[in-house]
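The structure appears right after this line, and notes come after that.
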Amino acid sequence: MGIVAQGPDMTGSPTIRPADPDAIEAATAVLREGGLVAFPTETVYGLGADATNERAVAAIFLAKDRPRFNPLIAHYATADGPGRDVVLDGRARRLAAAFWPGPLTLVLPRRADTRLAELASAGLASAAVRVPAHPVARALIAAAGVPLAAPSANRSGEPSPTLAEHVAASLGERVGLILDGGACAVGLESTVVDLTGPFPAILRHGAVTAEDVAALVGPLVHAEDDAGRPKSPGRLARHYAPRTRLRLDARDVAAGEALLAFGPDGLPGAAVTMNLSPAADLTEAAANLFAMLRALDASGCAGIAVMPIPGHGIGRAINERLRRAAEG
Ligand code: AMP
Ligand code: MG
Numbered sequence: 030m031g032i033v034a035q036g037p038d039m040t041g042s043p044t045i046r047p048a049d050p051d052a053i054e055a056a057t058a059v060l061r062e063g064g065l066v067a068f069p070t071e072t073v074y075g076l077g078a079d080a081t082n083e084r085a086v087a088a089i090f091l092a093k094d095r096p097r098f099n100p101l102i103a104h105y106a107t108a109d110g111p112g113r114d115v116v117l118d119g120r121a122r123r124l125a126a127a128f129w130p131g132p133l134t135l136v137l138p139r140r141a142d143t144r145l146a147e148l149a150s151a152g153l154a155s156a157a158v159r160v161p162a163h164p165v166a167r168a169l170i171a172a173a174g175v176p177l178a179a180p181s182a183n184r185s186g187e188p189s190p191t192l193a194e195h196v197a198a199s200l201g202e203r204v205g206l207i208l209d210g211g212a213c214a215v216g217l218e219s220t221v222v223d224l225t226g227p228f229p230a231i232l233r234h235g236a237v238t239a240e241d242v243a244a245l246v247g248p249l250v251h252a253e254d255d256a257g258r259p260k261s262p263g264r265l266a267r268h269y270a271p272r273t274r275l276r277l278d279a280r281d282v283a284a285g286e287a288l289l290a291f292g293p294d295g296l297p298g299a300a301v302t303m304n305l306s307p308a309a310d311l312t313e314a315a316a317n318l319f320a321m322l323r324a325l326d327a328s329g330c331a332g333i334a335v336m337p338i339p340g341h342g343i344g345r346a347i348n349e350r351l352r353r354a355a356e357g
């Protein structure tokens with residue numbers, strides 16, 4: 030019998046199991062005891078805990094070294110789940126009907142009788158909710174019978190994991206069980222839309238674009254970083270960041286730099302090159318972004334030169350991640 034740890038389990042390396050029904054059952058048992066399980070979603074791997082259990086949610090913050098002021102997203106198995114814990118208005122219902130299950134998170138007022146842990150909202154009057162599309166995520170949440178708080182399964186500030194191996198490398202013994210569902214199809218975190226104000230605001234760009242959202246709910250406010258009062262507490266300056274320095278919009282490669290290329294024409298002179306999408310396909314580039322940043326980070330290069338990425342569609346979300354990874 031092992032010791033049931035409330036915080037990070039320091040007793041060994043994590044178990045990576047193919048996400049078959051037996052492994053999902055084992056994961057469900059861990060979650061019911063207030064433990065942590067990493068699982069695949071279509072965006073990135075999440076570090077899940079029972080979102081209704083304050084101590085389980087606290088364990089997520091501890092395992093990630095995540096600042097307590099940065100609230101978590103609660104994940105539901107089906108689109109009729111969030112209404113039990115947050116108040117959906119007409120705009121929320123239109124977006125939910127169009128994009129759930131899928132890579133869209135809505136920030137909405139908490140219901141007075143919400144089951145969600147206060148810590149999941151970092152004490153705010155609102156909560157972020159999403160219905161993931163990945164069958165493993167949905168099966169796990171359904172079996173757990175509660176919403177799962179699940180930020181990306183990496184230590185705070187690192188690139189998000191898009192493979193089970195990334196989770197193991199980043200969290201090590203801090204997570205006991207990782208459900209392996211292969212590579213994440215989208216590869217970038219969900220779009221976050223704040224619906225607590227009169228105008229919807231995009232807090233984080235993602236595969237569901239600002240245009241997709243505006244088409245259904247009208248004009249958007251673009252929440253820019255505001256040092257005085259950040260609209261989204263998670264918008265810390267440095268994020269998604271490899272240890273190696275990034276140089277964006279590179280048109281050449283300096284001595285010792287690795288190259289993160291995009292499109293059919295690379296650049297000469299790089300010791301190591303990885304191409305986000307030789308076909309210049311932004312969806313493919315998004316899916317490759319974090320894994321390639323991790324791989325180049327591990328290559329021992331002096332810096333990473335990143336070729337320009339077009340800013341339309343999901344390119345906006347890619348550039349948002351790259352800008353923040355390059356800061357600091
Ligand atoms: P992560 O869990 O790492 O995918 O990040 C979730 C993102 O959603 C962070 O940027 C949070 O700051 C944001 N978020 C979650 N809940 C809220 C909330 N109640 N109000 C504003 N932003 C939120
Ligand atoms: Mg994250």
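The sequence shown maps to residues 30 to 357 in the working numbering. By construction, the Cβ of each residue, glycine as well, lies at the ideal position given by its N, Cα and C atoms. In this text the structure is predicted, and so the values were computed from the model without any measurement.
Quiz item: Taking any heavy atom of ligand 2 as the mark, which residues have a C-beta closer than 7 Å to it, listed down the chain?
Solution: P180, S181, N183, S189, E218
Quiz item: Do P271 and ligand 1 come close, with the Cβ less than 8 Å from some heavy atom?
Solution: no
Quiz item: For ligand 1, any of its heavy atoms closer than 8 Å to the Cβ of L249?
Solution: no
Quiz item: Is the Cβ-Cβ distance between G216 and N317 less than 9 Å?
Solution: Judged by their CB atoms, G216 and N317 are nearer to each other than the 9 Å cut-off.
Quiz item: How many Å lie between G174 and A85 at the Cα?
Solution: Counting only the Cα atoms, A85 lies some 15 Å from G174.
Quiz item: Is it right to say H104 is buried, meaning 16 or more other beta carbons lie within 10 angstroms of its own, or is it exposed?
Solution: buried
Practice problem: Can you grab the Cα-Cα spacing for the pair A355 / L277, in whole Å? | Solution: 7 Å
Quiz item: Going along the chain, which residues of its own chain have a beta-carbon closer than 7 Å to the beta-carbon of R159, five neighbours each way excluded?
Solution: I102, H104, L133, T134, S219
Self-check item: Cβ-heavy atom distance, I170 to ligand 1, below 8 Å
Solution: no
Quiz item: Any heavy atom of ligand 1 closer than 8 Å to the Cβ of P69?
Solution: no
Quiz prompt | Residue closest to F291, alpha-carbon to alpha-carbon, out of A279, R122, V237, H195 | solution = A279
Quiz item: Is A331 near G285, with beta carbons less than 9 Å apart?
Solution: yes
Quiz prompt | Exposed unless 16 or more other CB atoms sit within 10 angstroms - verdict on R323 | solution = buried
Quiz item: In whole angstroms, what is the alpha-carbon distance linking A212 and P138?
Solution: 33 Å
Quiz item: How would you call R272, buried or exposed, if buried means at least 16 neighbouring beta carbons within 10 angstroms?
Solution: exposed
Quiz item: When DSSP labels each residue in this structure, what does S150 get in the three-state scheme?
Solution: The answer is helix: DSSP assigns S150 an H, G or I state.
Quiz item: For N183, which three-state DSSP category applies?
Solution: coil
Self-check item: Coarse secondary structure for E356, derived from DSSP in three states
Solution: Annotated three-state conformation of E356 is coil, per DSSP.
Exercise. Could you please give the first and the last residue of the uninterrupted alpha helix (DSSP H) stretch that includes A239?
Key: 239-246
Quiz item: If you measure from the CB of P229, is any heavy atom of ligand 1 nearer than 8 Å?
Solution: no
Quiz item: How about N183 and P190: do their beta carbons lie closer than 9 Å?
Solution: yes
Quiz item: Would V237 count as contacting chain D if we go by Cβ distances under 9 Å?
Solution: Protein chain content of the structure displayed is limited to a single chain, and chain D is not contained in it.
Quiz prompt | Distance, N99 Cα to R258 Cα | solution = Per-residue confidence for R258 stands at a pLDDT of 41, beneath the threshold of 50, marking its modelled position as unreliable; the derived number appears in the next sentence. Those two C-alpha atoms are separated by around 13 Å.
Quiz item: Closest to G381 by CA distance: which of V204, P47, Y269, R352 is it?
Solution: In the structure as shown, the chain begins at 30 and stops at 357. Residue 381 is therefore absent and cannot be evaluated.
Self-check item: Segments of 3+ residues assigned as beta strand (DSSP E) that fall wholly inside the region 114-181
Solution: As for any beta strand (DSSP E) of minimum length 3 sitting wholly inside the region 114-181, the runs are 133-138, 155-159, ordered along the chain.
Quiz item: So, are the CB atoms of A178 and D79 less than 9 Å apart?
Solution: yes
Quiz item: When the Cα of N304 is compared with those of A283, I333, G329, which residue comes out closest?
Solution: I333
Quiz item: Ends of the alpha helix (DSSP H) at P50?
Solution: 50-61 is the extent of the alpha helix (DSSP H) around P50.
Self-check item: Residue from L288, V246, A236 with nearest C-alpha to E349
Solution: A236
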